[in-house]
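These notes are about the structure you will find just below.
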Amino acid sequence: MEGLWSGGIPTMLAGVGVIAVVSLLVGLLLRIFLPPFTAWSLAALLAAVACIGVLTLTPAYEVPSVIAAEDRPTSCSFDYGGPSPEGFWILGGDQRLLNLVAFVPAGALLVMAFARWRAARVLVLLGLVALVGYSVGIEWLQLEVARIDRACDVTDMVDNSLGALVGVGLGLLVVAVVRPWRRG
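In terms of UniProt numbering, the sequence shown has 161 at position 161, counting the first letter as 1, and numbering is strictly consecutive.
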C-alpha cells in the first residue's frame, strides 16, 4: 500500500479521482446559490486547478524517502526551452506541449465561471494573473521540496502561462456562443 502513496501514476490517478468526487459535490452545492452554468463552471475550475496541483506536485515516479542535500537542485533552470523530457509518463507528446495543455482548461473555465457577472473583465484578468502565479508557485515548490523529485524550470512557467492565456481565448469563444448571462 505504501507504493500507492509514494508517487507515480497510481497516486496521481487517486488524487484526480478524489478531486472529481469533491468537485461534483461542490457543483451540486453551488447549484443552490448560482445558475447551473456558473455553478458547474466554478466547480470545474476548482477541479482543474486542483488537478494541475496533483499532476505537477506528485512525484513522477516512486522516489526515495531521503534525497541527499548535495543531490538537490539549488536554483531554477533559466535555460529557456532547454533540456526537458521527451514526453510524459501518462501521455505521449512533447513535455512543453503538455505543460501548455495542462493550463488550457483552467483558463477556459475561468472565463466561463465569471462571464455572467458585470465584473467579469476584472475577475478574469485577476484570475489569469492568479494562474500565472500558481504556475510560478508550483515551480518554486518543485525546487524547494526535493522529495518530490521534480525540477524547477522557467520554460514550464512560460508554457503554463501561455496555456492559461489560450484557455481564456477559448473560454471567450464558448461564452460568445452559450451566452450564460441570458440563462436563468
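Ideal Cβ placement from N, Cα and C applies to all residues, glycine included.
Taking only beta-carbon atoms, is residue i less than 8 Å away from chain B?
| i | result |
| --- | --- |
| LEU25 | Looking at the structure shown, chain B is missing, and only one protein chain is on hand. |
Looking at C-alpha atoms only, which residue of the options is the closest neighbour of residue i?
| i | options | result |
| --- | --- | --- |
| LEU80 | GLU139, ALA20 and VAL158 | First, the residue type needs correcting, since residue 80 is Tyr and not Leu in the sequence shown. Selected option, being the one with the closest Cα: VAL158. |
| ALA60 | LEU165, PRO180, ASN160 and ASP149 | ASP149 |
| PHE78 | TRP140, ALA39 and ILE32 | TRP140 |
| THR11 | LEU125, CYS51 and VAL104 | CYS51 |
| ASP156 | ALA14, VAL168, TYR134 and VAL54 | TYR134 |
| GLY53 | LEU13, GLN95 and PHE33 | LEU13 |
Measuring only the C-alpha atoms, how far is residue i from residue j?
| i | j | result |
| --- | --- | --- |
| VAL136 | THR56 | 12 Å |
| CYS76 | ARG182 | 46 Å |
| PRO35 | VAL175 | 14 Å |
| VAL26 | LEU97 | 30 Å |
| VAL49 | VAL166 | 16 Å |
| GLY142 | VAL154 | Correcting the residue identity first, residue 142 is Gln in this sequence and not Gly. Rounded to the nearest angstrom, the two C-alpha atoms are 12 Å apart. |
Beta-carbon within less than 6 Å of residue i's beta-carbon, same chain only, minus the 5 sequence neighbours each way: which residues are those?
| i | result |
| --- | --- |
| ALA47 | ILE19 and SER23 |
| ALA115 | VAL175 and PRO180 |
| LEU170 | ALA108 |
Using a Cβ-Cβ cutoff of less than 7 Å, which residues in the same chain neighbour residue i once the five nearest sequence positions on both sides are dropped?
| i | result |
| --- | --- |
| VAL132 | SER161 and ALA164 |
| LEU45 | ALA106, LEU109, LEU110 and ALA113 |
Just mark residue i as buried or exposed, buried being the case when its beta carbon has 16 or more other beta carbons within 10 Å.
| i | result |
| --- | --- |
| ILE138 | buried |
| ALA119 | exposed |
| PHE103 | buried |
| LEU173 | exposed |
Apart from the five residues on each side of it in sequence, which residues of its chain come closer than 8 Å, Cβ to Cβ, to residue i?
| i | result |
| --- | --- |
| VAL122 | none |
Give the C-beta separation of residue i and residue j to the nearest angstrom, bearing in mind that I take them to be a contact with Cβ-Cβ under 8 Å.
| i | j | result |
| --- | --- | --- |
| residue 209 | VAL178 | The structure shown does not extend to residue 209, since the chain is modelled only from 1 to 184, so the question has no answer here. |
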